[in-house]
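K.L.:
Residue numbers (full-length UniProt numbering): 1 to 130.
Structure in structure tokens, see below.
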């Protein structure tokens, strides 16, 4: 993981999140997810969180692309360091929770549980409207 980061691989993978092909975006999200358990990698991956949230919001409901984005957001929200970057997507998460399949709901719940562990997010979670 360090080698990939040190050779600029994270920015190359992150750049693929803008690709037109949903399959390419999905593969990029999966790769970033696999690399996101390293704190130093998270520091670089965090610049893509807003884009990941947009991909989750615009992806077809319950699609592999949407789930890949949610998995990455789950890993990136384990600590409260980047919660402020996903706060605007809370209404989308609640929509996915009510409309998604069980797989989608489970993944959204993981993100919401991580966010709920941060007292600074309480107001945003309680005020969010679907």
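C-beta atoms are modelled at their ideal positions from N, C-alpha and C, and glycine is treated no differently.
Quick caveat, the model's predicted, so the values are computed rather than measured.
Grouping DSSP H, G and I as helix and E and B as strand, with all else coil, what is residue 9?
P.N.:
Within the chain shown, the letter at position 9 stands for residue 9. The answer is helix: DSSP assigns residue 9 an H, G or I state.
K.L.:
For residue 40, is the classification buried or exposed, using 16 other Cβ atoms within 10 angstroms of its Cβ as the cut-off for buried?
P.N.:
Looking up residue 40 in the chain shown gives position 40. Residue 40 is exposed by the Cβ-count criterion.
K.L.:
Do you know how far the Cα of residue 85 is from the Cα of residue 31?
P.N.:
Here residue 31 refers to the residue found at position 31 when the chain shown is read from its first residue. Here residue 85 refers to the residue found at position 85 when the chain shown is read from its first residue. Distance between the alpha carbons of residue 31 and residue 85 is about 20 Å.
K.L.:
Which residues mark the beginning and the end of the alpha helix (DSSP H) in which residue 22 is found?
P.N.:
By one-based count along the chain shown, residue 22 stands at place 22. Here the alpha helix (DSSP H) through residue 22 covers 22 to 35.
K.L.:
State the start and end residues of the unbroken alpha helix (DSSP H) segment that holds residue 113.
P.N.:
Working through the chain shown from its first residue, we reach residue 113 at position 113. Here the alpha helix (DSSP H) through residue 113 covers 102 to 116.
K.L.:
How close, in whole Å, do the beta carbons of residue 52 and residue 72 come, if the pair is a contact with beta carbons under 8 Å?
P.N.:
The count along the chain shown starts at 1 and reaches residue 52 at position 52. The count along the chain shown starts at 1 and reaches residue 72 at position 72. About 6 Å separates the two Cβ atoms, so the contact holds.
K.L.:
Output the boundary residues of the alpha helix (DSSP H) element that contains residue 55.
P.N.:
Mapped onto the chain shown, residue 55 falls at position 55. From DSSP, the alpha helix (DSSP H) with residue 55 extends over 49 to 58.
K.L.:
Output yes or no for whether 8 Å exceeds the beta carbon distance between residue 132 and residue 56.
P.N.:
There is simply no residue 132 to check, as the chain begins at 1 and stops at 130 in what is shown.
K.L.:
Answer yes or no: do residue 4 and residue 28 have a C-beta to C-beta separation smaller than 8 Å?
P.N.:
Translated into positions along the chain shown, residue 4 becomes position 4. Translated into positions along the chain shown, residue 28 becomes position 28. Residue 4 places its beta carbon 8 Å or farther from that of residue 28.
K.L.:
Hey, would you say residue 91 sits closer than 8 Å to residue 47, going by beta carbons?
P.N.:
Residue 91 sits at position 91 when you count from the first residue of the chain shown. Residue 47 sits at position 47 when you count from the first residue of the chain shown. Taking 8 Å as the Cβ cut-off, residue 91 and residue 47 do not qualify as a contacting pair.
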